[in-house]
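Residues 42 to 318 in our numbering are what the sequence shown spells out, letter by letter.
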Amino acid sequence: MPSYDEKYAFLERRVDALKTNRTGDERQTDGEVFDKRTLLTIYDLMTSGYIDAIHYPISTGKEGNVFYVEDEDKEPMALKIFRTSTSTFKRVSVYIEGDPRFKGTSGNRWKLIYAWVNKEFRNLQRYMEAGIPVPEPITFDKNCLLMEYIGDEHGAAPQLREYKMDDPTGMYDEVVSFIIDGWQEAHLVHGDLSEYNVLVQDDQPILIDCGQAMTSDFFNAKELLKRDIHNVNRFFRNKGADVIDDETIFEETVNGSPGDDDDEAEASDDEYDEEEE
42 MPSYDEKYAF LERRVDALKT NRTGDERQTD GEVFDKRTLL TIYDLMTSGY IDAIHYPIST
102 GKEGNVFYVE DEDKEPMALK IFRTSTSTFK RVSVYIEGDP RFKGTSGNRW KLIYAWVNKE
162 FRNLQRYMEA GIPVPEPITF DKNCLLMEYI GDEHGAAPQL REYKMDDPTG MYDEVVSFII
222 DGWQEAHLVH GDLSEYNVLV QDDQPILIDC GQAMTSDFFN AKELLKRDIH NVNRFFRNKG
282 ADVIDDETIF EETVNGSPGD DDDEAEASDD EYDEEEE
């Protein structure tokens with residue numbers, strides 16, 4: 042079995058090859074993502090058979106970067122690597138303050154980042170079970186989340202803000218259904234929904250970046266819901282869609298939500314497997 046140093050050297054060579062055609066700023070960003078712990082986590086995903094090759098970055102976000110990867114059968118996937126920096130820790134803390142599901146992680150940067158990845162994985166599962174289109178989650182390990190690749194051989198699917206819509210009102214109705222069904226069926230509120238967090242493939246919107254999504258009984262869930270509704274209406278109003286006023290969507294979402302099974306739905310997401318530091 043390869044030693045710790047051999048594992049690190051192997052992944053370091055792979056990452057150096059990935060950086061060959063990158064600009065100075067891009068290489069610096071990659072360096073913030075590929076720290077030693079992350080390289081060893083990726084190595085574990087490789088030796089477990091999940092990943093065979095890391096190819097190129099798909100996107101760069103506030104919490105981490107997404108890379109195009111393949112398994113041994115050349116099937117494409119997306120690998121989201123969450124940064125473990127102090128600034129990321131502070132951003133994440135805003136969303137989980139007071140959340141009982143993160144009991145014991147407050148103040149511990151590594152535990153909190155790992156729990157955040159676990160949380161996004163489970164949120165994606167809950168959205169899928171509710172029939173809301175999201176990238177299918179495959180597995181996660183520490184600060185790495187492996188999921189379905191949304192795109193084709195020409196590249197990743199565009200964000201909603203980049204997509205030329207033939208029917209803005211039809212697209213609007215689809216995205217509003219994410220809000221309503223997310224609350225009523227998945228018992229989640231996205232909390233950061235905008236034209237940046239929706240991809241479009243084959244003219245169908247797909248919800249992404251679900252790590253900050255909170256359960257509908259979270260103390261400020263309704264405020265997050267109002268913000269999501271406002272952001273969606275603002276974008277589509279500017280695109281000429283026939284939008285419904287914020288309050289009407291809010292009332293339909295909240296008053297139509299089932300209450301009897303909230304506890305059962307919440308229980309499935311109460312506890313998270315803790316990763317060792």
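Idealized CB from N, CA, C, for every residue including glycine.
It should be emphasised that the depicted structure is a prediction, and the values quoted were computed from it without experimental measurement.
Which of helix, strand or coil does DSSP assign to residue i?
i: S89; result: coil
i: S134; result: helix
i: D57; result: helix
i: Y84; result: helix
i: V175; result: coil
i: F328; result: The question about residue 328 has no answer, for the chain in this structure spans 42 to 318.
i: P98; result: strand
i: N164; result: helix
i: M169; result: helix
i: P117; result: strand
i: Y109; result: strand
i: A50; result: helix
i: A156; result: helix
Return the CA-CA distance between residue i and residue j, expressed in angstroms with no decimal places.
i: A306; j: Q245; result: The predicted position of A306 is uncertain, since its pLDDT is 47 and thus under 50; no value can be drawn from it.
i: D157; j: L265; result: Per the sequence shown, residue 157 should be read as Trp rather than Asp. If I take the Cα positions, the gap works out to 18 Å.
i: E226; j: S218; result: 11 Å
i: Q69; j: R54; result: With a pLDDT of 49 at Q69, under the threshold of 50, the modelled position of that residue is not reliable, and no figure is offered here.
i: P250; j: H96; result: In the sequence as presented, Pro is not what sits at residue 250; that position holds Asp. So the two alpha carbons sit approximately 21 Å from each other.
i: N164; j: L234; result: 14 Å
i: G196; j: V284; result: 31 Å
i: L81; j: L52; result: 7 Å
i: N274; j: G252; result: 22 Å
i: N296; j: S257; result: 12 Å
i: M212; j: E203; result: 13 Å
i: K77; j: E177; result: 27 Å
i: Y168; j: N159; result: 14 Å
i: P209; j: R278; result: 9 Å
i: P117; j: M206; result: 26 Å
i: D57; j: T79; result: 14 Å
i: V230; j: Q200; result: 20 Å
i: S89; j: D112; result: 11 Å
i: G105; j: K183; result: 13 Å
i: A50; j: A94; result: 16 Å
i: N149; j: E292; result: 38 Å
i: E161; j: I154; result: 11 Å
i: F260; j: D114; result: 45 Å
i: H228; j: D193; result: 31 Å
i: K103; j: N238; result: 12 Å
i: R268; j: S134; result: 19 Å
i: N272; j: K280; result: 13 Å
i: A282; j: M188; result: 32 Å
Is the distance from the Cβ of residue i to the Cβ of residue j below 8 Å?
i: V74; j: I92; result: no
i: G232; j: A254; result: yes
i: L240; j: I191; result: yes
i: I122; j: V175; result: no
i: G223; j: A262; result: no
i: T294; j: I221; result: yes
i: W151; j: T180; result: no
i: E236; j: F276; result: yes
i: V107; j: L120; result: yes
i: I270; j: D243; result: no
i: C185; j: I99; result: no
Ends of the beta strand (DSSP E) at residue i?
i: F181; result: P178 to D182
i: L186; result: C185 to E189
Whole beta strand (DSSP E) runs in the stretch 212–288 with 3 or more residues, listed along the chain?
239–242 and 245–248
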